[in-house]
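Just so you know, the working numbering puts 258 at position 258 of the sequence shown, and the rest follows in order with no gaps.
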Amino acid sequence: MSLTTVHTVADLRMTIANWRADGLRVALVPTMGALHDGHISLTELARAHADRVIVSIFVNPTQFAPNEDFGAYPRTLPDDQKLLDAAGVDLCFAPSVDEMYPDGFATKVHVDGNMTNVLCGAARPGHFDGVAQVVTKLLLQALPDCAIFGQKDYQQLMVIRRFSADLNIPVEIIGAEILREQDGLAMSSRNRYLSQQERAIAPTLNRVLVSITDQAAKGADIGPLLAKGREDILAAGFDPIDYLEIRDAQTLELIRDTISKPARIFVAARLGKARLIDNHAIMPAHITG
Ligand code: PAF
C-alpha cells in the first residue's frame, strides 16, 4: 500500500511538514469513514487542487445527539484504507476520540443565526456545533491549502464557509457536486441502513426534488408544489419528513412564493432506520436564460 495511515496530530503534522518543505500543495477531505464513491469523487477533486491528498476518518461524537446513530454508525477502517489506497490518496488521518478530545477539553465553536437554526439545525439541535468544533480542529491540525466538502450536506458546507471566514482560518473551502447512484439516490454512508425494499423506495426523494426544481425554475408557485411533494414522499413510505423547503442558496432564508434568485430545495426524511437528506440547486429561468 502506498497509503500511509497516522493516528496522532503529531504524526499528521510531521508528514505535512515534510511535504511543505518540498513546496507541495496539500488538500484535506474530512470524512466519518464508511467510504463510498461519493467520497472518492471528493478525493479526485482534492487531487485536482493539490499535490498531496489527506483523508481524515473520524466518527465525531459531538455532532450526534444522544438519541442518534453514533453507536451504530458504520466503522470500516480496513475497507476504507483499501479504497483510499486504490484512489491514490497519500495519507489517512484516523485519530481516536481521546486524541481529538483529551481530558479537560472544553472549547466550543458555535455559528449563530439562520445558518444553524433551520433545516438540519432545527431537526438536530447541537449538530452544527459539533461539526464546527471538529472541522475547526481538523483544519487547524492539518492547515491544508484547501479542504473539500460534499454539497449533499449543503447547509454544513455553508456553516463551514461561515466559521472559516469568521475565524480567518487560512484554508480554501471547496464544495463538490453530489454523486448519485444510477437511479438518482444521493450517495451516503447511511444508505447502508436501508433494507432492499427501502432501497427501492429511496430514489423517490430525488425524483420529487427534480420535479419541483423544474417547475419552480419556470416560475410556478412553490406552495402547491411542496404540498404535492410532501404527499408523494409520505405515500412512498418515508415517515416523518423533517423538512421539504426551498431556501435562498446563499442566506438559507425561506422562500415562500416564487423563485427570483438562486435557490436550493432541501429535504430530510426518515425511511426505516435511515434519515436521508438531499438537495438541488434551483436557478430561475430568467437567469439561466
Ligand atoms: O460530513 C461529514 O462526514 C462530517 O460532518 C464531517 C464534515 C467529516 C465532520 O465530522
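All C-beta atoms, glycine included, are put in the ideal place defined by N, C-alpha and C. Small disclaimer: the values here were computed from a predicted structure and weren't measured.
* Asked: Taking Cβ positions, are Pro-203 and Leu-179 nearer each other than 7 Å?
  -> Within the sequence shown, the letter at position 203 stands for residue 203. Within the sequence shown, the letter at position 179 stands for residue 179. No, they are not a contact pair.
* Identity of the residue in Ala-165, Cys-120 and Leu-140 nearest Leu-12 by Cα -> Position 12 of the sequence shown holds residue 12. The alpha carbon of Leu-12 has as its nearest neighbour, out of Ala-165, Cys-120 and Leu-140, the alpha carbon of Leu-140.
* **Integer Cβ distance of Ala-176 from Gln-151, believed to fall under 8 Å** => Position 176 of the sequence shown, counted from the start, is the residue given in the question as residue 176. Position 151 of the sequence shown, counted from the start, is the residue given in the question as residue 151. Their Cβ separation, rounded to whole angstroms, is 6 Å, which keeps Ala-176 and Gln-151 in contact under 8 Å.
* Excluding the 5 residues preceding and the 5 following Glu-181 in the sequence, name in chain order all residues of the same chain whose CB lies nearer than 7 Å to its CB. => Indexing the sequence shown from 1 puts residue 181 at position 181. If you ignore the 5 residues before and after Glu-181, its C-beta comes within less than 7 Å of the C-beta of Met-187, all in its own chain and listed in chain order.
* Asked: Anyone know if the C-beta pair for His-280 and Leu-209 falls short of 7 Å?
  -> In the sequence shown, residue 280 corresponds to position 280, counting from 1. In the sequence shown, residue 209 corresponds to position 209, counting from 1. A contact, by the Cβ cut-off of 7 Å.
* Contact belief for Leu-42 with Val-29 at Cβ below 8 Å, rounded distance in angstroms -> Along the sequence shown, read from residue 1 onward, the residue named residue 42 stands at position 42. Along the sequence shown, read from residue 1 onward, the residue named residue 29 stands at position 29. About 5 Å separates the two Cβ atoms, so the contact holds.
* To do: Closer than 6 Å by C-beta to Pro-66: which residues in its own chain qualify, once you throw out the five before and the five after it? Chain order, please.
  => Within the sequence shown, numbered from 1, the residue matching residue 66 stands at position 66. Nothing listed; no residue qualifies.
* To do: Less than 8 Å between the CB atoms is what I'm expecting for Ala-268 and Asp-242, so what's the real figure, rounded?
  => To locate residue 268, count along the sequence shown from 1; it is residue 268. To locate residue 242, count along the sequence shown from 1; it is residue 242. 4 Å between Cβ atoms; contact.
* Asked: Per DSSP, which one or two residues make a beta bridge with Ile-173?
  -> Locating residue 173 in the sequence shown gives position 173, counting from the first residue. Its beta-bridge partners are Ala-147.
* Within the region 100-166, ranges of the alpha helix (DSSP H) (whole runs, at least 4 residues) -> Every unbroken stretch of the alpha helix (DSSP H) spanning 4 or more residues and falling wholly within the region 100-166 is given here in chain order: 114-117, 120-123, 127-142 and 154-166.
* **Residue interval of the alpha helix (DSSP H) (run including Ile-259)** => Residue 259 sits at position 259 when you count from the first residue of the sequence shown. First-last for Ile-259: undefined, no H or E at that position.
* Cβ-based neighbour list, Ser-260, same chain, cut-off 7 Å, excluding 5 preceding and 5 following -> Translated into positions along the sequence shown, residue 260 becomes position 260. Around Ser-260: Pro-284.
* **Cβ distance (whole Å) where Leu-3 is taken to contact Val-89 below 8 Å** => As a first step, residue 3 is located in the sequence shown; it is residue number 3 there, counting from the start. As a first step, residue 89 is located in the sequence shown; it is residue number 89 there, counting from the start. Rounded, the Cβ-Cβ distance is 6 Å, consistent with contact.
* To do: Pick helix, strand or coil for Pro-30, following the three-state DSSP scheme.
  => The residue labelled residue 30 in the question sits at position 30 within the sequence shown. When DSSP states are grouped into helix, strand and coil, Pro-30 belongs to the strand group.
* How about Ile-282 and Ala-217: do their beta carbons lie closer than 7 Å? -> Here residue 282 is taken as the residue at index 282 of the sequence shown, counted from 1. Here residue 217 is taken as the residue at index 217 of the sequence shown, counted from 1. Cβ atoms of Ile-282 and Ala-217: closer than 7 Å.
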